[in-house]
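Numbering (UniProt numbering), first residue to last: 1 to 356.
Before any comments, here is the structure.
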């Protein structure tokens, strides 16, 4: 369980993890990594627990976390970079990094969190909120736009409050509404192809082929072909649930295959290149719109409960017990209102899914 590195014959202290695993370490490396380890050295000098001739110092971290931050303290010639493959390790390792003033390790933890956002954005959002990493929380929220508004449950959901979940769901919903404007006004297409007057003519029903035209959209006064209109309708519907540029790119393959299946030589000509280029342009427009939607950081401010140290007792300057009780009551009602808003949002969303 313990790497040979932490069984070194020249070790001068034993660190015992919270789950009872002993690490024999060289304190010089700890001192060089951070002056915060001075307290551990002092504990070792006063310890009455001895194994062989080495003092034993119990630490609060389990053996996994202890292994990670010890590797970080040791020279790279002796220890590989600490592995941070499991999201479950993020919070305890970050807490250890802050506790022992290991800023570079905290940076490494942030990087590890970012590397997992694309695949597990909700878990990363919850962890970032728990760790009060606002930059990472905002980035993770952006990645959640690639998923449905109501995602699958993850264990880390218990780390965030109803207020924080409400902020995330509201942000997601506002982004979904915002990108629908791209279907109501297609001027972004004509503007995007303004340097090439014939740039978007491949999606217009010119009457020179037998393909059907659509009836929903008008592009500069002209009707686009039905297969393109179908792609747009399907994509806009998907964008309401997953308002991300990534969503736009997903349907390109099906559209290309569908067009090729028609056998229309005019539509099939350069369809892959044309659709890929258009989808990338469409994707950028989506991401530019969602970038203008702010995650409500007011909702993400941590709730500070009233405690004896902050409460105005009777006779204390600044208020009375009755006044404080009224203030506390208002805070409680505001919290309840946020939960009611969340419940309403969830009911509205579930209602939109009925019959789909």
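Heads up, the beta-carbon is just placed ideally off N, CA and C, and yes, glycines get one too.
Within the same chain, 136 and 139 come within 7 Å of residue 114 by CB-CB distance, once the 5 residues on both sides are set aside. Secondary structure of residue 180 (DSSP, three-state): coil.
Counted as a single uninterrupted DSSP element, the beta strand (DSSP E) harbouring residue 16 occupies residues 13-16.
Nearest to residue 230 by alpha-carbon distance, out of 254, 82 and 280, is 254.
Going by beta carbons, residue 289 and residue 178 fall inside the 8 Å limit. Taking the C-beta atoms as reference points, residue 57 is found no nearer than 8 Å to residue 89.
Out of 161, 36, 61 and 117, the CA that lies nearest to the CA of residue 95 is found in 61. Taken atom to atom, the span from the alpha-carbon of residue 163 to that of residue 53 is near 53 Å.
If you look at residue 23, you'll find it isn't in any alpha helix (DSSP H); it sits in the beta strand (DSSP E) that goes 22-25. In this structure, the straight-line span from the alpha carbon of residue 128 to that of residue 211 is close to 51 Å. For residue 57, the enclosing beta strand (DSSP E) stretches over residues 54-58. Per DSSP, reduced to three states, the secondary structure at residue 204 is strand. Distance from the CA of residue 103 to the CA of residue 71, rounded to the nearest whole angstrom, comes to 15 Å.
Counting only residues of its own chain and dropping the five nearest sequence neighbours on each side, residue 7 has a CB closer than 6 Å to the CB of 24. Apart from the 5 residues on each side of it in sequence, residue 239 sits with its Cβ closer than 6 Å to the Cβ of 179 and 247 in its chain, given in chain order. Within the DSSP secondary-structure output, residue 213 pairs in a beta bridge with 225. As the crow flies, the alpha-carbon of residue 27 is around 60 Å from that of residue 237.
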